[in-house]
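See below for the structure under consideration.
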Amino acid sequence: MKILVFTEQREGKFKRTAYEAISAGKKLATELNAELIALAIGNNLDAQVNEFGAYGISRVIVVADARLQMYSTTAYAKIIAEVAEKENAQIIFLSASQMGKDLAPRIAVKLDAGCASDCIALSVENGDIVATRPVYAGKATINVKINSAIKIFTLRPNVFTAKTTDAVTPTIEKFPVALTDADFASKVIHISVATGRPDVTEATIVISGGRGMKAPENFQLIEALADTLGAGVGASRAVVDAGWRSHDEQVGQTGKTVSPSVYIACGISGAVQHLAGMSGSKCIVAINKDKDAPIFQIADYGIVGDALTVLPAMVVEVKKLLGK
Ligand code: FAD
0 MKILVFTEQR EGKFKRTAYE AISAGKKLAT ELNAELIALA IGNNLDAQVN
50 EFGAYGISRV IVVADARLQM YSTTAYAKII AEVAEKENAQ IIFLSASQMG
100 KDLAPRIAVK LDAGCASDCI ALSVENGDIV ATRPVYAGKA TINVKINSAI
150 KIFTLRPNVF TAKTTDAVTP TIEKFPVALT DADFASKVIH ISVATGRPDV
200 TEATIVISGG RGMKAPENFQ LIEALADTLG AGVGASRAVV DAGWRSHDEQ
250 VGQTGKTVSP SVYIACGISG AVQHLAGMSG SKCIVAINKD KDAPIFQIAD
300 YGIVGDALTV LPAMVVEVKK LLGK
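Shown next as structure tokens:
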């Protein structure tokens, strides 16, 4: 049995989610006595893929081409499916990132595979993988088994721990894939990272603001705390719809799902659609001036107060604690 892990990179740098997927794959490979293979797609990745050895990966397949430096839905899906077929991989892991969510169903169609998305736990029962996934906007979880011969799992970021293990020196194999212009029917041509802050799906701390922030310029207070903590900035749909923040920051049912170690909700009421995207956070802190706001029902720590005065005070205290 072979497990193929797609490792996501951006501009030649592998994302933490790639190492999370590798570590989840390593654990399952040990339990199933399966071979674990990492697949890297991009350009000039040889030096970086060597680092996979620290996570116990002994075999890496690299598909390198200058045209693959930037993400292409069609080309990447074709490559992953071709590698999986050639290797006869029965299990494929991807991160449930934007890229993984885009790729997994396409690969599933190409390989006639079943797909369990956004898994938050994996175990082995009688030789089968059992995946736990949230349903009903995070209100419940279900355990699923995939019956098809090829099984695809996407793993929620920040849930599986990236673990180094006894280091090995991986063999790095080049996999030739014939790509034509038609394979690049869609491709990313430019990525603009305006803030330099981590994306909310990958940040270990997320600070989100809602309508209680009163005005778009008050998000500077959230940004100041985020920059002190190295956190990502999120937003409720109300403020995204109002044009205060961009949609890529939206957390919730129609936004992104986040699972950070700490989620700080500022001036957010805690509507069920918002909770759907953040209730899996390990520690939830809420700042709201209404003591009866629903967000306090799921918060581990609550501050009843005006976010516009609490946030600057938090920045001062956090800076003191961090010695900044
Ligand atoms: P409000 O509900 O208006 O809450 C503002 C909060 O701020 C209140 O609790 C108030 O007490 C508090 N407040 C006010 N002033 C202050 C202050 N000075 N200091 C501290 N607190 C203060 N929403 C999402 O967020 N994400 C989604 O993905 C999403 N998807 C949706 C999908 C559908 C199909 C639908 C119907 C709705 C969806 N919504 C989503 C919208 C959701 O129902 C809520 O309307 C939205 O989350 C409310 O945003 P809010 O908490 O910022 O605003």
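Quick note on numbering that gives the first Met the number 0: the sequence shown kicks off at 0 and runs consecutively.
Where is the CB? At the ideal position from N, CA and C, for every residue including glycine.
So the candidates are 185, 36, 54 and 280; which of them puts its Cα closest to the Cα of residue 22? Reading the sequence shown from its first residue, position 23 is the one you call residue 22. Residue 54 is the option with its Cα nearest to residue 22.
Is any heavy atom of ligand 1 found at a distance shorter than 7 Å from the C-beta of residue 307? For the purposes of this step, residue 307 is taken as the residue at position 308 of the sequence shown. Because some heavy atom of ligand 1 lies under 7 Å away, the Cβ of residue 307 counts as near it: yes.
Under 8 Å between the Cβ atoms of residue 234 and residue 248? One-based indexing of the sequence shown puts residue 234 at position 235. One-based indexing of the sequence shown puts residue 248 at position 249. Contact: yes.
Label residue 0 either buried or exposed according to how many other C-beta atoms from any shown protein chain fall within 10 Å of its C-beta, with 16 as the threshold for buried. As a working note, residue 0 is residue 1 in the sequence shown. That one is exposed.
Going by DSSP, name the residue or residues bridged to residue 287. Sequence index remark: in the sequence shown, residue 287 carries index 288 (1-based). The partner list for residue 287 (beta bridge, DSSP) reads 303.
Should residue 282 be labelled buried (16 or more other beta-carbon atoms within 10 Å of its own) or exposed? By 1-based counting over the sequence shown, the position of residue 282 is 283. Exposed, because fewer than 16 other Cβ atoms sit within 10 Å of the Cβ of residue 282.
Please state the DSSP three-state secondary structure of residue 124. Locating residue 124 in the sequence shown gives position 125, where the first residue counts as 1. Correct three-state label for residue 124: strand.
Under three-state DSSP, which class holds residue 151? Here residue 151 corresponds to residue number 152 of the sequence shown, with the count starting at 1. DSSP places residue 151 in strand when its eight states are reduced to three.
Look at residue 156 and residue 19 and say whether their C-beta atoms are less than 8 Å apart. For the purposes of this step, residue 156 is taken as residue 157 along the sequence shown, with counting starting at 1. For the purposes of this step, residue 19 is taken as residue 20 along the sequence shown, with counting starting at 1. Yes, these two residues count as a Cβ contact at 8 Å.
In this structure, does DSSP put residue 15 in helix, strand or coil? Locating residue 15 in the sequence shown gives position 16, counting from the first residue. Looking at residue 15 - three-state DSSP - the assignment turns out to be helix.
State the Cα-Cα distance for the pair residue 295 and residue 141, rounded to the nearest angstrom. As a position in the sequence shown, residue 295 is number 296, starting the count at 1. As a position in the sequence shown, residue 141 is number 142, starting the count at 1. Approximately 26 Å, taken between the alpha carbons.
Comparing C-alpha positions only, which one of 297, 304, 302 and 314 sits nearest to residue 137? By one-based count along the sequence shown, residue 137 stands at place 138. Among 297, 304, 302 and 314, the Cα nearest to that of residue 137 belongs to 297.
Is residue 337 near ligand 1, going by C-beta to nearest heavy atom under 7 Å? Residue 337 cannot be examined here, being either before or after the span of the chain that is shown, 0 to 323.
Would you kindly work out how many angstroms separate the C-alpha atoms of residue 90 and residue 80, rounded to a whole number? On the sequence shown, residue 90 is found 91 positions in, with the first residue counted as 1. On the sequence shown, residue 80 is found 81 positions in, with the first residue counted as 1. Near 12 Å, if we compare the C-alpha coordinates of residue 80 and residue 90.
Whose C-alpha, out of 289, 126, 273 and 139, is nearest the C-alpha of residue 145? Here residue 145 refers to the residue found at position 146 when the sequence shown is read from its first residue. In this structure, 126 is the residue among 289, 126, 273 and 139 with its C-alpha nearest to the C-alpha of residue 145.
C-beta atoms of residue 250 and residue 273 nearer than 8 Å: Translated into positions along the sequence shown, residue 250 becomes position 251. Translated into positions along the sequence shown, residue 273 becomes position 274. Yes.
Quick check: does the Cβ of residue 200 come within less than 7 Å of any heavy atom belonging to ligand 1? The residue given as residue 200 occupies position 201 in the sequence shown. Residue 200 Cβ: outside cutoff for every heavy atom of ligand 1.
Can residue 137 be considered in contact with ligand 1, in the sense that its beta carbon sits closer than 7 Å to one or more heavy atoms? Sequence index remark: in the sequence shown, residue 137 carries index 138 (1-based). No, since every heavy atom of ligand 1 falls outside the 7 Å radius drawn around the Cβ of residue 137.
Residue 132 and residue 122 closer than 8 Å at C-beta: Start at 1 with the first residue of the sequence shown, and residue 132 comes out as number 133. Start at 1 with the first residue of the sequence shown, and residue 122 comes out as number 123. Contact flag unset, no.
Quick check: what's the CA-CA separation for residue 60 versus residue 52? Taking the first residue of the sequence shown as 1, we reach residue 60 at position 61. Taking the first residue of the sequence shown as 1, we reach residue 52 at position 53. A direct Cα-Cα distance of roughly 13 Å separates residue 60 from residue 52.
Which same chain residues end up closer than 7 Å to residue 222 when comparing Cβ atoms and leaving out the 5 residues on each side of it in sequence? As a first step, residue 222 must be located in the sequence shown, where it is residue number 223. Hits under 7 Å: 232.
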